[in-house]
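Please read the structure below before turning to the comments.
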Amino acid sequence: MNILLPLFIIVPLAAAFIMIPAARLSRKLPEIISFLATLYLLGATIALYWSRPSNLMLQYKFGVNLVLDGLSQLLLLAVTVVAFFVTIYSFSYMQKYTGREKYYTLYFLMLAGMAGVILTGDLFSLFVFLEMAAISTYALVAFGTQAEELEASIRYLIIGSVASLMILFGIGLVYALTGTSNLAEISRHLPANANFAKGFITALFLAGFGMKAALVPFHSWLPDAHTAAPAPISATLSGVLIKALGIYAIVRIIYNVLGISPQISLILMVLGIVSILAGVLLALWQWDFKRLLAYHSISQIGYVVLGVGLATPLGIMGGLFHLLNHAIFKSLLFLNAGAIEHQAGTRDLKQMGGLSRKMPVTAATSLIASMSIAGVPPFNGFWSKLFIILACIQAGKLWFALAAIIGSILTLSSFLKVQKYAFFEKVKQGFEDLRDAPWPMCAAMIVLALLCLLVGLLLPYAVGIVINPAVVALMNGLGYSRMILGGQ
Amino acid sequence: MNDLTIAVFAPLIMALLCFVFKRAAKWLALLVSLGIFTLAIKIFLAGQLVSQFLSLRAYPFSAGIFLAAAFFTLLITLYSFKYMEGKERLGEYYAYILITLGSAAGALFAADFLNLLFFWGMMGIPLYMLIGIGSSAGAGAAKKTLILVGGADAMMIMGIGIVWVMTRSLQIGPSPLPLNNVYSIVAFLALAAGAFAKAGVMPFHSWIPDSAEFAPASVMALLPASLDKLLGIYLFSRICFDVFQIVPNSPVSLFLLACGSITIIAAVMGALVQHDLKKLLSFHAVSQVGYMVLGIGTGTPLGVAGGIFHMFNHAIYKSCLFLCGGAVEQKAGTTDLEKLGGLAKFMPITFTAFLIAALSISGVPPFNGFISKWMIYQAIVQLGKISPYWIIWLVAAMFGSAFTLASFVKLTHAVFLGQWSETTGKTREVSWMMWLPLAVLAALCVVFGLLAAQIPLKYLVFPNIQFYRFTGVWEPGMATLLLLSGLLLGLLIYALGRVKKVTVKPAFTGGELLKEEEIKVTGNEFYDSIKSWGPLNLIYKTAEKKYFDVYELGRQAAFAVAGWLSWLHNGLLQTYLVWLLMGLVVLLLFLAR
Amino acid sequence: MMTFFVAALLLSIGLYCVAVKRDLIKIAIGIIIMEYAITLFFVASAPWRGGEDYLAQVAALTGLATTIVIVALVRRLYGRYGTLDISQMRRLKG
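Chains as they are written, first to last, in this note's numbering: chain U, 1 to 488; chain H, 489 to 1081; chain V, 1082 to 1175.
This is the structure in structure tokens:
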């Protein structure tokens, strides 16, 4: 059991390093390695759930200090599920690129970074893993090396570096203040009267990790990067990266290390609402399919932050559930966009039309994903949005609830626009003999669509097994330190 | 397995089979809807039924409405056999009909709000797909429909949340909340928005006329005309009496009466000037729902009974009208009133059914629409004892009735009477699979009219009004007077719209005598003069620019902000860095103190 | 204490460089200066935690990795756009 945790980081790292030598042996080998590695990661996560249904802590100390609790487990599940299906999808999608082994190398470096961020119990190694994941995404965004991709990448890189420096500065301050970088120990060593320093550090972390999570007004890199990256990368970035690097880090540090206060809670909620509304309004304006989806990521992340920021059990539950659901449906939507780009060669909604006749699998799965993100029952997004809005009302924040509802209506409008222009209407000229995507792409999309439906229908199980342990971990608050270190 | 669980899940599971076995889909759908109809009779006879699994609960009101819903689904599935023959994506079409039936059962039998919201929202996707399935041009209308309906469903969450916080329970009922503070009124309005969007009350009505142009007639008959009305008014009466308490002459009651009146008048005015058969019918589908809101909004037992009875009647005659429209569309190949005419000779059964339904909707005795409208009028008159505004609602209701009659005179003339048009040619009656549903519905119009007190009121309407204290004050003299004045007004307006005197003269074009058959008087311009009359002209023009459409207003507001936000994202690195740093500074100002 | 002032000064110089300059090379140098400033801060605060400062080394190393990617990207960008002016690279917006 104890070796299972480090393997979540070691396996992708090892996969990354043997990828390039392996590609010399056989052209097929990188794909086989990536399939096996992601399959292992997914299997190991499920095995973790299988073996420990309770919300026990699990830690492992060997050089770096690894901790697994309900929250990390939830994130791990999201990462491995998305990684597995995205890898299958990549087999066909990446055929048009050269240097695929480099793509898989970077991809696994990113996975190792994310797993490290999620599992580490040390603030400084969290930063190192975060940089590892971030740097590989800078390279992955620019993977096509076209002008637009390089442009998106350089802006992402510069903004990302500034944000990383903010985080690093914050970590330096924490270290200077407490003399430790162990997440569990920090809260014990924080001086009681250091409110100014604590506020300063919180602001630095909120801005820095907020940029990784793409909260408005720190979101500006996201639409460019997500549009320019290859579709499987967009799916991973939007599906899990912004959550593992951004939301997870914010939530972990605010709740379990620095402690949540009504003031921070309000700031999180305001950031959430601003992100919801600004993101969805900007999405309404878009005609580029992937850019539209990118702005919706900002908006949906806003829901997660709104729910988690409420700091009530129902709110946190809704927020974390939405995080998991968003990982599923948003990566599916990016895969849909990629399938259309792969087959029809366009991302412009105005140039598509009538694709439901030509690409039935893509059309059906994208309908399911669109309805999920818009919060239409019986799909998964309905429940998480419902919980978040109900939690707002329960907390007496009616205006926040209203804004969240308006955001939901606008999301629905935006996705119905996508459905209308891409899949309904008449088949455009030149698309008469369009075919659906190759089977690995279709298979990945179908399974993710089924997950949207199943998570929606099997709600009690999903919440009971996956979400509640994470809620407990957060509601525990500063008790985190006691859970890990023992004592009072 | 409980009967209620079967009623919900059997159609949903069978729908999945329809997606797979496309050839057998129509038979599957027919069998399932027949089975569910017999099950609905069983549930209706049982009266009370509870299912622990999923917390479903049936009582006479919901069981009665479910019976009606299953009945309409059965008839329309039968009708679709011939009507939809040869269209593409038929497997999906029948699957969506079954999903609608299953989720309608879930919404009707839901004992708590979460179930209600789940199944209620689930009806959105089949509605969207069924409207879009008709033609590639229907995508816009389908989009608008789901935005309005789905948006209203999202608003319902607000109402449910407030009720949940106030009562600490998600059960629907059993202790109604008084509408005496701002929270409960907000909750009431939010829940009513969901019901109104589904039923098509203003200002959430605009999806019905828009989708009527593109959706197949069977879909219009199934959803906006019957199932959505049944469900919308069902929910509306539940929230008016089980979740909240509407007190007669309270501000909320007045608001509802105003909503109802505006809906009646505005939609019927819209109907008068339409040139398309299905679109004209759809405006009446909006207008008639105003009567139901008017009836229930009075908050008096008689009004509620009238409103609910009108809901059943409306579902019957309006789906009959849409099915007749579909029959005409199939045989004549068009629904443009300009091109139709003289079909009575060729399609006698359709014509008779259409005539009966048209007279019912216009409130002419002895058909069913007359009885329910009469009850509503009377409830408003009764309301006069406590409220000074009753005359406004009464006038609105009567004017609406008059205009409805006027509009159906035009419609019947344009489609079935007059000269048959060259474009449609001579045609035949539709197949029995299509005329049987029409005939059954038309017969129901007559039966519900003649035996109103014996059958529908006794079994469907009165058992549902638990606090019913009907004392038998029917005041037939007053009602007849009202009715007659309504008819007279209709005639008056009808006469005003017509040429005063008729002289018969031979017609010439270019010196040649025209034969009688070549002169075609279409009915579609009967009321165009209304459009050009001073103040009304202004209103019609504004309406054409869609200034009264919440969807358009919302769209424009959203796009204005979106455009500005998009302009801010100018692609300049420095701008983005400034946002990042400004964000940090603001956070520091808030937190570091 | 002097070292902290130097670190703060370096940080503001770097920030100014990144936020105001249009030349990509200068922006890259700005980022590198900021990285040095933070590293300096780590080094300077080391006595507070008892002289244990492997953190400063790791911080400097991650900074190095970022720098490598920046340089590689800038080279590619020059090839595509024929300029190093960031305000000319505005194909993605809206």
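Every residue gets a Cβ at the ideal spot worked out from N, C-alpha and C, and that includes glycine.
If we define contact as Cβ-Cβ less than 7 angstroms, is residue i a contact residue for chain H?
i: A1100 (chain V); result: yes
i: F1085 (chain V); result: no
i: I1167 (chain V); result: yes
i: L543 (chain U); result: The question about residue 543 (chain U) has no answer here: the residues shown for chain U are numbered 1 through 488.
Assign residue i to one of three DSSP states: helix, strand, or coil.
i: V64 (chain U); result: strand
i: T120 (chain U); result: strand
i: F1082 (chain H); result: This structure gives no information on residue 1082 (chain H), because the portion of chain H shown stretches from 489 to 1081.
i: A339 (chain U); result: helix
i: V852 (chain H); result: coil
i: P191 (chain U); result: coil
i: Q536 (chain H); result: coil
i: L544 (chain H); result: strand
i: T959 (chain H); result: Because the pLDDT at T959 (chain H) is just 43, under 50, the model does not fix this residue reliably, and the value given afterwards should be weighed accordingly. Coil, per DSSP.
i: N55 (chain U); result: Unreliable placement is indicated for N55 (chain U), whose pLDDT of 48 sits below 50; no coordinate value is reported for it.
i: P21 (chain U); result: helix
Under 9 angstroms between beta-carbons, which chain U residues line up against residue i? List them in chain order, please.
i: K631 (chain H); result: S413, L416, K417, Q419, K420 and F424
i: G682 (chain H); result: Within chain U, no residue comes near G682 (chain H); the closest Cβ sits about 12 angstroms away, beyond 9 angstroms.
i: L1136 (chain V); result: F124, I171, G172, Y175 and S181
Residues of chain H with CB closer than 8 angstroms to the CB of residue i, please, in chain order.
i: L284 (chain U); result: A1046, F1047 and A1050
i: R1171 (chain V); result: N1058, G1059 and L1060
For residue i, go through chain V and note every residue whose CB falls closer than 7 angstroms to its CB, in chain order.
i: V280 (chain U); result: Neighbours of V280 (chain U) on chain V: none; closest Cβ ~15 angstroms, over 7 angstroms.
i: S1054 (chain H); result: G1175
i: I135 (chain U); result: A1146, T1147 and V1150
Can you confirm whether residue i, when its beta carbon is compared against all beta carbons of chain U, has any partner nearer than 7 angstroms?
i: R1157 (chain V); result: yes
i: I1112 (chain V); result: yes
i: A1080 (chain H); result: yes
i: V918 (chain H); result: no
i: V961 (chain H); result: The pLDDT assigned to V961 (chain H) is 45, lower than 50, so where the model puts this residue is not dependable, and the model offers no usable value.
i: F800 (chain H); result: no
Using a cut-off of 7 angstroms between C-beta atoms, extract the partners of residue i located in chain U.
i: R1123 (chain V); result: Reading off the sequence shown, one finds Phe at residue 1123 (chain V), where the question assumed Arg. Ordered by position in chain U, the residues that pass the 7 angstroms Cβ test against F1123 (chain V) are G172.
i: I485 (chain H); result: Past the boundaries of the shown model lies residue 485 (chain H); chain H is included only from 489 to 1081, so the question cannot be answered.
Compute the Euclidean distance between the alpha carbons of residue i and residue j, then round it to the nearest angstrom.
i: L416 (chain U); j: K632 (chain H); result: 9 angstroms
i: P377 (chain U); j: G821 (chain H); result: 37 angstroms
i: G612 (chain H); j: L634 (chain H); result: 6 angstroms
i: I564 (chain H); j: L843 (chain H); result: 20 angstroms
i: F958 (chain H); j: L790 (chain H); result: Low confidence applies to F958 (chain H): its pLDDT is 45, below 50, so where it sits in the model is not reliable, and the reading given next is rough at best. So the alpha carbons of these two residues sit roughly 7 angstroms apart.
i: A642 (chain H); j: H798 (chain H); result: 28 angstroms
i: A680 (chain H); j: I1119 (chain V); result: 58 angstroms
i: K806 (chain H); j: L41 (chain U); result: 58 angstroms
Strictly below 8 angstroms CB to CB, what residues from chain V border residue i?
i: G1071 (chain H); result: By Cβ distance, chain V contributes nothing, its closest Cβ being about 14 angstroms from G1071 (chain H), past 8 angstroms.
i: L157 (chain U); result: T1147, V1150, I1151 and L1154
List, in order along the chain, the chain H residues whose C-beta lies closer than 9 angstroms to that of residue i?
i: G354 (chain U); result: S624
i: V162 (chain U); result: L1065, L1068 and L1069
Give a yes or no on whether 7 angstroms exceeds the smallest Cβ distance from residue i to chain V.
i: L168 (chain U); result: yes
i: Y295 (chain U); result: no
i: E131 (chain U); result: yes
i: D224 (chain U); result: yes
i: Y97 (chain U); result: no
Note down, in chain order, every chain U residue with its Cβ under 8 angstroms from the Cβ of residue i.
i: T1164 (chain V); result: The premise fails here: T1164 (chain V) is roughly 11 angstroms from chain U at the closest Cβ pair, so nothing lies under 8 angstroms.
Using the beta-carbon of each residue, which ones in chain H are nearer than 7 angstroms to residue i?
i: V376 (chain U); result: G609, G612, I613 and G638
Compare the C-beta of residue i against all C-beta atoms of chain C and say whether one is closer than 7 angstroms.
i: I784 (chain H); result: No chain C is part of this structure, whose protein chains are labelled U, H and V.
| task | Evaluate contact between the region 459-470 of chain U and the region 72-88 of chain U, counting only Cβ atoms and requiring at least three cross-stretch pairs below 8 angstroms. | result | Touching, yes.
| task | Please determine if the region 1045-1061 of chain H and the region 196-206 of chain U are in contact, where contact requires at least 3 C-beta pairs separated by less than 8 angstroms. | result | By the Cβ criterion, the region 1045-1061 of chain H is not in contact with the region 196-206 of chain U, since fewer than three pairs of Cβ atoms, one from each stretch, lie closer than 8 angstroms.
| Does the pairing of the region 706-718 of chain H with the region 647-656 of chain H give three or more beta-carbon distances under 8 angstroms? | no
| request: Examine the Cβ distances between the region 525-544 of chain H and the region 771-788 of chain H and report whether three or more of them are shorter than 8 angstroms. | output: no
| message | I'd like to know if the region 471-484 of chain U and the region 256-275 of chain U are in contact, where contact means that at least 3 CB-CB pairs between them fall below 8 angstroms. | response | yes
| query | Does the region 113-132 of chain U come close enough to the region 1096-1114 of chain V to have 3 or more Cβ pairs within less than 8 angstroms? | reply | no
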